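Take numbering that gives the first Met the number 0: the final residue in the sequence shown is number 139, and no numbers are missing along the way. Even for Gly, the Cβ is constructed at its ideal location relative to N, Cα and C. Small disclaimer: the values here were computed from a predicted structure and weren't measured.
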Amino acid sequence: MELLKHFINVTKLHPILVNFTAALIPFSIFTDCVAKYKNAVNLRDFGWWTLLCAAVVTPVTAAAGWLFWMKDDNGVAGMTIHKWLGTGIAVLLFGLFYFRHRFYRQQKFVSSLYIIVAILFVLALIYQGHLGGIQTYSGM
Ligand code: HEM
């Protein structure tokens, strides 16, 4: 475990992987919205594939976050939220993916309910990134 922690600290894997999570989820939802509006099947499939990639990478992002935890993160309210919100996002993303997968199986465009839930998800993700950024860059 110590070796893995050292690897994560040296490679800065968490700040690298957050970019994938932060790009893939909003991109998937944006693509699904445009696909629904334009009636574009190719884009619709793209929305599913990008969410699949996000569902694969995000648990690794969250796990890397746990291993990236530093002493000065202890006791910081924003980082406590960041820790649990990030873990929650990684778990709930499976639910969002399951929801999205039903439309994929039926070869349908996503519903308005899905878009609303997904937008709430993106808002939580923005807040999550904001909290991580504050902690990393506030001392600069
Ligand atoms: C969806 C999941 C997550 C996202 C999108 C995310 C996002 C971020 C971002 C954008 C940063 C700033 C990195 C930079 O630009 O250099 C950051 C830093 C950090 N995150 Fe996360 N994070 C997630 C989950 C987690 C989890 C579950 C933990 C676990 C404890 C965690 C721990 C940390 C730590 C320790 C830092 C560095 C803070 C410092 O510089 O002291 N993150 N995160």
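Between the beta-carbon of residue i and the beta-carbon of residue j, is there less than 8 Å?
{"i": "K35", "j": "F108", "result": "yes"}
{"i": "F98", "j": "V116", "result": "yes"}
{"i": "T86", "j": "A61", "result": "yes"}
{"i": "A63", "j": "I7", "result": "yes"}
{"i": "T57", "j": "T20", "result": "yes"}
Using only the alpha-carbon positions, how far apart do residue i and residue j sit?
{"i": "N18", "j": "Q105", "result": "31 Å"}
{"i": "Y113", "j": "D44", "result": "15 Å"}
{"i": "L50", "j": "L16", "result": "15 Å"}
{"i": "S110", "j": "F67", "result": "37 Å"}
{"i": "V90", "j": "W65", "result": "14 Å"}
{"i": "N73", "j": "S137", "result": "15 Å"}
Applying the criterion that 16 or more other CB atoms from any shown protein chain within 10 Å of the CB defines a buried residue, is residue i buried or exposed?
{"i": "G46", "result": "buried"}
{"i": "I118", "result": "exposed"}
{"i": "H13", "result": "buried"}
{"i": "L151", "result": "Since the first residue of the chain shown is 0 and the last is 139, residue 151 is not available in this structure."}
Open item on the list: When you compare the segment 79 to 93 with the segment 129 to 138, are there three or more beta-carbon pairs, one atom per stretch, that lie closer than 8 Å?
Closed with: The answer is yes - the segment 129 to 138 touches the segment 79 to 93, with three or more Cβ pairs under 8 Å.
Task: At least 3 beta-carbon pairs within less than 8 Å: the segment 7 to 27 vs the segment 117 to 125 - done: With a cut-off of 8 Å, the segment 117 to 125 and the segment 7 to 27 count as touching, because enough Cβ pairs lie within range.
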